[in-house]
Structure formats: C-alpha cells, structure tokens
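Peer 1: Questions regarding the structure given below will be posed in turn.
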Amino acid sequence: MKYILSPSILAADFTELGRQIQATETGGAEYLHFDVMDGVFVPSISFGMPVLASIKNATKQVMDAHLMITEPIRYVEEFVKAGANIVTVHYEACEDVKATIRKIHECGAKAGISICPDTPADVLKDLLEEVEMILVMTVHPGFGGQKLIPETLEKVAEIRQMLDDAGLQRDIQVDGGIYTNNVEMALKAGANVIVAGSAVFKGSPLQNTKEFMEILKRY
Ligand code: DX5
Ligand code: ZN
C-alpha cells in the first residue's frame, strides 16, 4: 500500500499559487488535489478547467480532481483534457454512477467515487471494483478549514473491510479537516491517500508538506 499526500489548492494563496504548488512537490506530495465546486451540489464556487490547464504545466504531480458538481459526466472529458489524471465524482451527484465512471475511463483517467458524511458505505457495494479510488469525505463538502467529523473514520474502516473481503486493492482517500495531529487516526482506519488544504497551505507549504511526509513514511 502506497501512502500519498494530496494537498488541496483550495487553501492556497492564489497570488503565490505556482510557487506554493512547487513547494509541495519539493516536499514530497505526489498528488495535487483540485477542488471543483459549482455552487449547486455544494454551496460554494471555486475554480475550473482553465486553472487546471495552467497549473498542470507548473508541476509533475498527479492532478487529483475532486468534482463537487452536479451531473459531472457533462465535464469529465474537459477536465481530463485540461490535465486531470484522476477524476473523482460524488455518488450523490450522478444520475448514472456507472456510466460516469465508464466515461472517466474512456477519457483515459483513473476514476474515484466520493461519498458525503451522511451517505452510508454500503451504497458503494457494487462500485468498489469499478473505480481506482474511494474518497470518504471527512467534512461536509464545500469549504476548506472545517473540523474533521470523527464518525466518518468508521466508514473508512468499513470500506477497507469491504475491499479486503472482496480481495480488492484500492486507494481510500480522506478529505477535510486533516492535520498532522489527526492524520494517523485516518491512516489507522485504513486511508492511504490524504487530502490536506489548510494544514499544508496555511504557513509554510514546504515545511507542512515535509511534516506530513515524515508521518506517512512511518506507514
Ligand atoms: C472540501 C474539499 C476539501 C477541502 C479540504 O469540500 O473537498 O478538499 O479543500 O480543506 P481542509 O484540508 O482545509 O479541510
Ligand atoms: Zn476535495
């Protein structure tokens, strides 16, 4: 199992975005988390394809796009063309989840499926085999800087058990309210891809990334 840090640029200083992204790459973060919000599926609006297309040139990191948008199948191709290597969609936002996952694979990207804190793990039962990554939201999506909801880590453990029982090797990503002082709870629950926005970009992105990587290296 590989342990990966995926800094969320939602928390970055956009006047320093290129430099801050490079600091996370230097610090060892293999992914970069790209939070797309449409103001409909979540009550906030962030950024889209043009920003992804430009930052794609500033780094060699894996572009980990988290689409918090309704009917994401409409934009999968555009996000992959803009540079997304992984496209994660919300179970709650898709008319036809399997068709959306198929579309992501047809466009040549890896597929992730995400569930909100109030969505039970068993909705994913017949999707685990279809995707490369499961994103368990540890906050209600829409904003950075929130507090981790501890009960969501039980869902991480439940999904890790479902994967083990099915003999499936899949990444489990956690996202929201993750800091160096609680990340080990997520790792012990079974997560192996860690999204951190405020914890990385508030202060020194290089220093913060290195601190996370020190912890991940111990797993
Ligand atoms: C929330 C986003 C998260 C958020 C994480 O809807 O999906 O990725 O940016 O931010 P922090 O780490 O600041 O809680
Ligand atoms: Zn996210």
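With the sequence shown counted from 1, adding 394 to any position gets you this note's numbering. Where a beta carbon is used, it is the ideal one built from N, C-alpha and C, also for glycine. This one's a predicted model, so the numbers in the text were calculated from it and none came from an experiment.
1. For ligand 1, is there a heavy atom less than 7 angstroms away from the beta-carbon of residue 459?
2. Return yes when the Cβ of residue 452 is within less than 8 angstroms of the Cβ of residue 599, no when it is not.
3. Assuming residue 473 is part of the beta strand (DSSP E), what are its boundary residues?
4. Between 430, 454, 436, which lies nearest to residue 444 when the distance is taken from Cα to Cα?
5. Rounded to the nearest angstrom, what separates residue 511 and residue 588 at their Cα positions?
6. Whole angstroms are fine: how far does the CA of residue 420 sit from the CA of residue 515?
7. Mind checking whether the beta-carbon of residue 589 lies closer than 7 angstroms to any heavy atom of ligand 2?
8. How many angstroms separate the CA atom of residue 492 from the CA atom of residue 426?
9. Between which residues of its own chain and residue 536 is the CB-CB distance below 6 angstroms, once the five residues before and five after are set aside?
10. In the DSSP assignment, what are the bridge partners of residue 642?
11. Would you check if there are 3 or more beta carbon pairs closer than 8 angstroms linking the region 450-466 to the region 474-488?
12. Checking 8 angstroms against the spacing of the C-beta atoms, do residue 487 and residue 495 come in under that value?
13. Kindly indicate which three-state DSSP category residue 396 falls into: helix, strand or coil?
14. Using the three-state DSSP reduction, which class does residue 492 fall into: helix, strand or coil?
15. Can residue 609 and residue 590 be called in contact, C-beta distance under 8 angstroms?
Peer 2: Quick look at the numbers:
1. Taking 7 angstroms as the cut-off, the C-beta of residue 459 does not count as close to any heavy atom of ligand 1.
2. No.
3. From DSSP, residue 473 is part of no beta strand (DSSP E) but of the alpha helix (DSSP H) over 470-476.
4. Distances from the alpha-carbon of residue 444 to those of 430, 454, 436 put 430 closest.
5. Their backbone Cα atoms lie some 16 angstroms apart in a straight line.
6. The alpha-carbon separation between residue 515 and residue 420 amounts to approximately 35 angstroms.
7. Indeed, a heavy atom of ligand 2 lies less than 7 angstroms from the Cβ.
8. Annotation: residue 492 to residue 426 spans about 25 angstroms, alpha carbon to alpha carbon.
9. In the same chain as residue 536, and ignoring 5 residues on each side of it, the C-beta atoms closer than 6 angstroms to its own belong to 436, 437, 438, in chain order.
10. Outside the shown range of the chain, which is 395 to 613, sits residue 642, and nothing can be said about it.
11. The region 450-466 vs the region 474-488: in contact.
12. Against a cut-off of 8 angstroms, the Cβ pair of residue 495 and residue 487 comes out as no contact.
13. Coil, per DSSP.
14. Correct three-state label for residue 492: helix.
15. At a Cβ-Cβ threshold of 8 angstroms, residue 609 and residue 590 do not count as neighbours.
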